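Chains as they are written, first to last, in my numbering: chain A, 18 to 335; chain B, 4 to 562. Notes for the one structure printed next.
The following block contains the structure:
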């Protein structure tokens, strides 16, 4: 069973997949991403491969809607596992800048290659780090979902950014960057091409967003110098997270690029990365509970300006 | 609406849109116009009833500079100033009138732009051409937005083509418009970004099977996807069987396949020469004039060429059989040329507009060839969206560069490249743009090294189709071919072109390995700077398919 079902209550698609149910929890013996594990028989540097337990497949079975109330569609997307390094004990915060730069190129290639499929509408690259956010493997890796539809929150971002552009004639994130660089209160880190900040509108206690200073709609449009600077930002932010509470800091890292096979919003959609960490203190979790899940309204117990000051004060050397 | 009111799009307010909306009764027809807000601007939809030859939807004030566009592949897409005047040689009007315009009766005495116009600050264009031909009449200080219906009678209310007004700079509005059109016409773009070889710009009609075999042999290691024989193989225009210079088409296709290439073939499926058997045997399959005689669509090959009536059921069967046969012979890439012929005005079996007749013909071909690659040429652009995989978007290139030649769709590398730049934004959205062939030979050409280099770089950086046309036994600019191969190792690119209104084109072309820049300060003189963003890291990708069918992409840094 692999299909999409339409929710008439919320105008959104839900992916139904029996494959993902077969997914292991935490392997106890060998890591499947290490050489000699289930997935790799030979050494590698970086790799991206089709998830063994996907919720979407390019050749997903055809489906027919039961009626206009219960609409179905093919889950003809793609789920890939994106392995950052062969080193099991590494992490974004521990990897050499050079390795992160290679990872950015790999992400770029995946985005471009998957966008050649006309049925793909959105390429979502992400990392779940730590058991607190459901990661089943500790080997440094992320994932990638190539959706045949525009997911609801992406649609909300696209529409909101387009609306701002219509009202102001400018990109909203360009304006946020200009303002934040000026007031500096919420900045966590800055280099020539990027800012990392706790946003004014942070939903999570130590949420950090990474924004390019120049308007680009995807990783692809970053030049090599900017990709190098982005790798430094990613390293710095994740190092600060780990050092904040002196622990391997659980987070969800999500890359938001403009939709693929649709260039209508590239002038308004500013590429950005969100870090959504679930910790609100060293031993306390900020749960995505009823209010957040049911209403999409977040209650952030941490003042963003305070979180930024704390993260800013964590010194790192790269 | 009182169409004497003229909207000023450069000093625009929402209230101006209300002047366009509403009901009006014209001589012979009724029209209802609706306005809908759209990101960046407005969408204008209409409903028509009655006998309609032409509808003027609204007028706007002409800006100093305007990007205008011709209806078909070969025609100019360029920026004009207020003092621009069309200079089409009178002696060519008879031969090529229908090539220049779907409305030659107006085209040569007026200043027209087909499908859209753009300025530094706004864009107005039509999202489709399914029934009507959308065009802009530029008259003094006004621009009139019109839909040509060629005398159609609508007994019921009929939805018009949709027009959009977008208020932003061209680098924003042009790609945005392209995407709106793709969505309106339900485009599913092919994932085949081909590199190939064509016989035309080396051999023209002096091409035969022996030469084909020699070039196939010399093409080893070039990395082509497709190998296409051009005009030279057929008995006559309309008689699409091999002449005595070629063996059977099955053998031609099989020979090409032996070398690992997709066999490609050229034909002009809507054209019928006065000397062809088809013309002799089936004059009833041709578009007629008012007296019921076959109507000349154009003159070429020193012959009069007539147009196939794509609405005649037996002609449709013939067209279907022709393409099914070519496909059965082994061809999977079809370059279909002189397509405008199907859209000439005239009497047809069915009472349809020339635009409808054209799309019916294209649809017949698409149905016959299935998912084979179809490259359109000499084609009305907007009605072709959704039917072809690739499209020529400029005049024929040539082994010469003449910036002072007539800008009327005649072969010329300079204008071919100009159009590749001015129509950049539709690439990868409507289809894959074909900027026409690269000629990389160092002999038997008047192109200079720098002209050859610029043509190659523009085609690559714009991520267009790449088709080489050289006798491969000649001395070839291998350095440039290596650049081509390097660029095409990795997938799709993201491209932004600015400067279209100034003629100083800046291309930012980004891929896996970084963002390359090409700044053309003087296209006529080929003055440009090219900056390659190499970076320190070169990733090499290796793909492996596992026993369970899963794909693994390995990325390693090059040694």
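Glycine included, C-beta positions come from ideal geometry on N, C-alpha and C. Keep in mind it's a predicted model, so treat the numbers as computed, not measured.
Taking 3 residues as the minimum length, the beta strand (DSSP E) runs contained wholly in the segment 458-490 of chain B are 469-471, in order along the chain. Neighbours of residue 555 of chain B in chain A, taken as residues whose beta carbon is under 7 angstroms from its own, are 64, 66 in chain order. With contact defined as three or more Cβ pairs closer than 8 angstroms, the segment 488-498 of chain B and the segment 252-262 of chain B are not in contact. When C-beta atoms of the segment 178-189 of chain B are compared with those of the segment 450-468 of chain B, fewer than three pairs fall below 8 angstroms, so the two segments do not count as touching. When DSSP reads this structure, residue 554 of chain B sits in a beta bridge with B:548. Rounded to the nearest whole angstrom, the CA to CA distance from residue 35 of chain A to residue 21 of chain A is 12 angstroms. In this structure, residue 98 of chain A lies near residue 65 of chain A, with their beta-carbon atoms less than 9 angstroms apart. Each of B:268, B:140, B:303, B:301 was checked against the Cα of residue 375 of chain B, and the nearest Cα belongs to B:268.
Here residue 329 of chain B carries a helix assignment [DSSP, helix/strand/coil].
Here residue 63 of chain A is not near residue 18 of chain A, since their CB atoms are 9 angstroms or more apart. Residue state for residue 364 of chain B is assigned as helix, using DSSP reduced to three classes. Here residue 528 of chain B is exposed: its Cβ has fewer than 16 other Cβ atoms, across all protein chains shown, within 10 Å. With a beta-carbon spacing of about 13 angstroms, residue 398 of chain B and residue 74 of chain B fall beyond the 8 angstroms limit used to define contacts.
Every alpha helix (DSSP H) stretch that sits fully inside the segment 271-355 of chain B and reaches 4 residues is listed by chain position as 280-284, 316-332. Interface with chain B (9 angstroms Cβ-Cβ cutoff): residue 165 of chain A is excluded. The residue from B:479, B:440, B:490 with its alpha-carbon nearest to that of residue 230 of chain B is B:440.
The segment 93-110 of chain B and the segment 331-350 of chain B touch, with no fewer than 3 CB-CB distances between them shorter than 8 angstroms. Among the residues of the segment 123-134 of chain A, those with a Cβ less than 8 angstroms away from any Cβ of chain B are 123, 125, 126, 127, 129, 130, 132, 133, 134, in the order of the chain. For residue 275 of chain A against residue 234 of chain A, the beta-carbon gap comes to about 4 angstroms, under 8 angstroms, which counts as contact. In terms of beta-carbon proximity, residue 192 of chain A stays away from the interface with chain B, with every pair separated by 9 angstroms or more.
Under the three-pair Cβ rule at 8 angstroms, the segment 400-407 of chain B does not count as touching the segment 147-159 of chain B. Put simply, the CB of residue 378 of chain B is far from chain A, with every gap to its CB atoms at 9 angstroms or more. Cβ-Cβ distances below 8 angstroms link residue 282 of chain B to 241, 275, 276, 289, 297, 309 in the same chain, with the five nearest sequence neighbours on each side left out; the list follows chain order. Within the segment 262-322 of chain A, the runs of alpha helix (DSSP H) at least 4 residues long that lie entirely inside it are, in chain order, 307-312. A straight-line Cα-Cα distance of about 23 angstroms links residue 484 of chain B and residue 414 of chain B. Judged by their CB atoms, residue 245 of chain A and residue 335 of chain A are not nearer to each other than the 9 angstroms cut-off. Put simply, the backbone Cα of residue 488 of chain B is about 27 angstroms away from that of residue 280 of chain A. Ranked by Cα distance from residue 418 of chain B, the first of B:271, B:438, B:181 is B:438. Here residue 326 of chain B has 368, 371, 372 as same chain residues with Cβ atoms under 6 angstroms from its own Cβ, once five neighbours each way along the sequence are excluded. Annotation: residue 100 of chain B is outside any beta strand (DSSP E); the continuous alpha helix (DSSP H) that includes it extends over 93-103. Neighbours of residue 145 of chain A in chain B, taken as residues whose beta carbon is under 7 angstroms from its own, are absent, since the nearest beta carbon is some 21 angstroms off. The DSSP-derived three-state label of residue 78 of chain A is coil. Residue 560 of chain B has a beta carbon lying within less than 9 angstroms of a beta carbon in chain A. Between residue 170 of chain A and the set A:139, A:187, A:188, A:181, the nearest pair of CA atoms involves A:139. From the listed residues B:541, B:503, B:549, B:531, the smallest Cα separation to residue 68 of chain B is found for B:503. For residue 187 of chain A, no Cβ of chain B is located within less than 9 angstroms of the residue's own Cβ.
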